[in-house]
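Peer 1: Just so we're on the same page, my numbering is the position in the sequence shown counted from 1, plus 3.
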Amino acid sequence: METTRKSPNASLEQAADYLQVSQRTVQNFQIRGLIKTVYLGKRRFFRWDDLERIAKKGVPLPVEVGRVEHAG
């Protein structure tokens, strides 16, 4: 996870490398609202703060809607 930070924002490739996941996984995090996206012109970036939070705390599992677990 050694990435040079010259900016407060990371490219998709940098984000995936930092989190050690695929670029598609980073895109899924963005779709789920776990990572905020910053656009500069047509280029998309991700905030290092969000990436660090995910690296430290992990990603919450999605909740299945309508599923009820019964005790006992």
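For glycine and all other residues, C-beta sits at the position ideal for the given N, C-alpha and C.
What does the Cβ neighbour count give for Ile-34, buried or exposed, with the cut at 16 atoms within 10 Å?
Peer 2: On the sequence shown, residue 34 is found 31 positions in, with the first residue counted as 1. The residue is exposed, with fewer than 16 neighbouring Cβ atoms inside 10 Å.
Peer 1: Need the endpoints of the alpha helix (DSSP H) that Leu-22 sits in, please.
Peer 2: Numbered from 1 along the sequence shown, position 19 holds the residue referred to as residue 22. First-last of the alpha helix (DSSP H) with Leu-22: 15-22.
Peer 1: Tell me which same chain residues have a C-beta within less than 7 Å of the C-beta of Leu-37, skipping the five on either side of it?
Peer 2: Counting from one through the sequence shown, the residue named residue 37 turns up at place 34. Ile-57, Val-62, listed in sequence order.
Peer 1: Is the separation between the beta-carbon of Ser-10 and that of Ala-19 shorter than 8 Å?
Peer 2: Here residue 10 refers to the residue found at position 7 of the sequence shown. Here residue 19 refers to the residue found at position 16 of the sequence shown. It is not a contact, given that the beta carbons lie outside the stated cut-off.
Peer 1: In the DSSP assignment, find the alpha helix (DSSP H) that holds Leu-43 and state where it starts and stops.
Peer 2: To locate residue 43, count along the sequence shown from 1; it is residue 40. Not the alpha helix (DSSP H): Leu-43 falls in the beta strand (DSSP E), residues 40-43.
Peer 1: CA-CA distance, Tyr-42 and Glu-55?
Peer 2: As a working note, residue 42 is residue 39 in the sequence shown. As a working note, residue 55 is residue 52 in the sequence shown. When rounded, the distance between both Cα atoms is 19 Å.
Peer 1: May I have the straight-line CA-CA distance separating Met-4 from Leu-22, to the nearest angstrom?
Peer 2: Translated into positions along the sequence shown, residue 4 becomes position 1. Translated into positions along the sequence shown, residue 22 becomes position 19. Residue placement at Met-4 cannot be trusted, given a pLDDT of 49 that sits under 50; what the coordinates show is reported in the next sentence. Computed Cα separation, rounded: 7 Å.
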